[in-house]
Amino acid sequence: MLERTEVFELRDKYQGRKKSGYDIDKKTGAIIVYPLDAVYHEGVYYSMEDGGAIYFGNYVPYIRQFIGERPIQVPGTGVIVYRTNSNSRQKEILLQLRRDFHKFGLPGGGIEIGENYQECAVNELQQETAYIANKNDLELVNVYAGPKHITRYPNGDIVFHTIVVFKIEVDKCKKAPHLYDRNETAKIEWMTIDQIKGLLQEEKVFPNNIPILEDIVSNAIL
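For the sequence shown, numbering that gives the first Met the number 0 begins at 0 and goes up steadily by one.
1. N84 by DSSP, collapsed to three states: which one?
2. Scan the region 107-153 and note each continuous beta strand (DSSP E) run of 3 residues or more that stays entirely inside, going in chain order.
3. With DSSP as the reference, identify every bridge partner of M190, one or two as the case may be.
4. In its own chain, which residues sit with a C-beta less than 7 angstroms from the C-beta of K203, not counting the 5 before and 5 after it?
5. Do the region 51-62 and the region 105-119 touch if we need at least three Cβ pairs shorter than 8 angstroms?
6. Assign P206 to one of three DSSP states: helix, strand, or coil.
7. Let's see if you can read the secondary structure: which residues bound the alpha helix (DSSP H) around E8?
8. Bridge partners for A37 per DSSP, in chain order?
9. Taking V59 as part of the alpha helix (DSSP H), name the residues at either end of that continuous run.
10. Assuming G67 contacts H160 (C-beta within less than 8 angstroms), just tell me the rounded distance between them.
11. Using CA coordinates, which residue listed in Y179, I53, D180 and A185 is at the minimum distance from V43?
12. Straight-line CA distance for E20 to K12?
13. Taking the continuous beta strand (DSSP E) assigned at H177, which residues delimit it?
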């Protein structure tokens with residue numbers, strides 16, 4: 000976290016240099032974000048005006064105030080947390096049973112204003128599974144979008160998803176002391192590849208995650 004005095008020092012050094020683009024302060028590593036008149040440091044944006052952290056709010060509900068249920072494009076992330084079972088030596092994947100669809104899928108969610116994709120992945124993983132990961136340990140897998148990744152939610156909202164998928168071994172994560180968010184997650188379960196095949200056959204997978212889990216089953220990812 001930057002102290003207000005540090006933000007103000009950076010403001011005095013950089014404010015007014017440009018109308019757009021950015022600079023990187025060599026001393027602190029902070030990014031000066033000229034379009035926002037803000038300083039970005041370790042995942043937080045700070046206002047050059049008052050030195051405080053900027054909260055952008057929840058993006059999708061804000062947009063929905065203006066457009067209702069009509070389709071929107073939402074970039075987001077999915078996280079494949081995997082392990083090798085010590086007894087069977089089979090690969091297992093951590094899946095979330097979602098409360099909205101009551102189907103299984105990967106932990107993940109839509110990116111918020113101000114986040115990058117790794118930060119989104121880490122934040123969603125912790126919220127939905129209570130596993131904590133370092134963004135530098137995430138390995139990029141693939142980007143999914145198109146007609147297989149369009150969702151109509153139970154409330155009628157339509158979303159065109161672009162999903163940036165990462166993977167990480169569970170040994171590189173740690174379990175948080177708190178529980179996962181029970182408003183979003185009914186439970187989390189470790190599933191073998193054969194169990195995931197069964198979920199796909201029984202149509203118990205969150206629809207826009209189906210192609211991703213199909214790739215896992217076909218060994219195209221792990």
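Just so it is clear, CB atoms sit at the ideal spot from N, CA and C, and this is done for glycine as well.
So, from the listed chains and residues:
1. As a position in the sequence shown, residue 84 is number 85, starting the count at 1. Three-state DSSP puts N84 in coil, outside helix and strand.
2. 107-109, 138-143 and 149-151
3. Walking along the sequence shown from the start, residue 190 turns up at place 191. Its beta-bridge partners are I92.
4. For the purposes of this step, residue 203 is taken as the residue at position 204 of the sequence shown. For K203, where only same-chain residues beyond five positions count, the Cβ hits under 7 angstroms are K102 and F103.
5. yes
6. Here the question's residue 206 lines up with position 207 in the sequence shown. Helix at P206.
7. Counted from its first residue, the sequence shown places residue 8 at position 9. Here the alpha helix (DSSP H) through E8 covers R3 to Y13.
8. Counting from one through the sequence shown, the residue named residue 37 turns up at place 38. A37 pairs with V32 and S46.
9. Here the question's residue 59 lines up with position 60 in the sequence shown. Taken as a continuous stretch (DSSP letters only), the alpha helix (DSSP H) holding V59 covers Y58 to I66.
10. Residue mapping note: residue 67 aligns to position 68 of the sequence shown, counting from 1. Residue mapping note: residue 160 aligns to position 161 of the sequence shown, counting from 1. Contact flag wrong, Cβ pair sits at about 19 angstroms.
11. Here residue 43 is taken as the residue at index 44 of the sequence shown, counted from 1. It is I53.
12. One-based indexing of the sequence shown puts residue 20 at position 21. One-based indexing of the sequence shown puts residue 12 at position 13. Correcting the residue type first, residue 20 is Gly in the shown sequence and not Glu. Rounded to whole angstroms, G20 to K12 spans 16 angstroms at the Cα level.
13. Working through the sequence shown from its first residue, we reach residue 177 at position 178. It is not in any beta strand (DSSP E) - H177 carries neither H nor E in the DSSP assignment.
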